[in-house]
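Some notes on the structure that comes next.
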Amino acid sequence: MLCAALNLYESNEVAEMRKSVYAGPGYTVFKSFIAPDIARDLGKRWFSGMYNHLLHDGFIKNQELAKDTPSFLIRRPNECDWSICHQIWQAPLDETAHNIAMECQRMRNLIEGRPLYYATRIHDSLVMQYRLCRTLSPGVTVKPHADFMEESRHDPSGSHAFDPRRTQMTLFLSDYGTDYDEGGFKFMTNDERYVTFGRDVDVGAGDLVIWKYTNKHEVSDVRVLNDSVLGFSRIVFPLFEGVMAR
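First residue of the sequence shown: 192, per the numbering used here; consecutive thereafter.
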């Protein structure tokens, strides 16, 4: 089986995971959500560049994301740092990645108490994009910030009104200590302590972290090991508002 999420749909473990997000440290870790070798292979395939001819090569603003937007590649903040963006409502370029994204969204919906397939259909009020992201450069890749805290955005994905229910997910495609040994995903817990996933929290390729979006977070200070093509690689799952109308 591709991932283990189905084993949780009717169990008490969902309640424990929800408690961990909202009343615990602010995150929950689903170990081996997919097999580590599947996670690493997925990253290596997409970050090899072999599929770049299938992608629109250039930045598309959040506010311009529309129902017919193709999969696209962002190279930011440096040429080696890639975000490959796929729309869940379109025919998949990669069946494996698409199925994984669907299962991740179902898991988030369980945590947030939403309908099981919410955000996977173009007519939903929010719809999901899944981004395969790779960071190879040091410095700050994602500036420290919190989402859905009434913050102002020059290119919003939708309303950023205060919404403490909202979560984000990070599915790890690489391993701390193997592909990189400094930095990565840094997160402020509910008791206002910074942790770095991989170093302070035991996560690696194939593990899914579901975390509270209103907590401060960043990606920075990555140091790549052994010329790894993966560096710090992961999939994140932003949601967009108003796509059907564009």
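The beta carbon of each residue, even a glycine, is placed where N, CA and C say it ideally should be.
Asked, Found
"Identified DSSP bridge partners for V434", "Answer by DSSP bridge pairing: none, since V434 is not bridged."
"N-terminal and C-terminal residue of the beta strand (DSSP E) that D370 is part of", "Premise fails: D370 is in no beta strand (DSSP E) and is neither H nor E."
"Pairwise C-alpha distance: L264 and Y385", "30 Å"
"Contact under 9 Å by Cβ, L364 with A214", "no"
"Distance cut-off 8 Å: P216 Cβ against heavy atoms of the ligand FAD", "Ligands displayed in this structure: none; no statement on the ligand FAD is therefore possible."
"Beta-carbon proximity of P335 to E409, cut-off 9 Å", "yes"
"Simplified DSSP assignment, three categories, for M192", "Here the model assigns M192 a pLDDT of 41, short of 50, so the residue's position is not dependable, and the following value carries that caveat. Of the three classes helix, strand and coil, the one that applies to M192 here is coil, per DSSP."
"Distance, R312 Cα to Q359 Cα", "18 Å"
"Residues bridged to E151 (per DSSP)", "With the chain covering only 192 through 437, there is no way to say anything about residue 151."
"C-beta contact flag for P227 and R322 at 9 Å", "no"
"Start and end residues, beta strand (DSSP E) containing K235", "Premise fails: K235 lies in the alpha helix (DSSP H), P227 to F238, not in any beta strand (DSSP E)."
"Rounded straight-line distance, which links the Cα of S262 to that of L245", "8 Å"
"Coarse secondary structure for F221, derived from DSSP in three states", "strand"
"Sequence-distant residues of the same chain with beta carbon closer than 8 Å to M192, five excluded per side", "Bear in mind that the predicted position of M192 carries a pLDDT of just 41, short of 50, making it too unreliable to give a figure here."
"W273 and R236 closer than 9 Å at C-beta", "no"
"Three-state secondary structure (DSSP) of K407", "coil"
"Range of the contiguous beta strand (DSSP E) that encloses V318", "L317 to T326"
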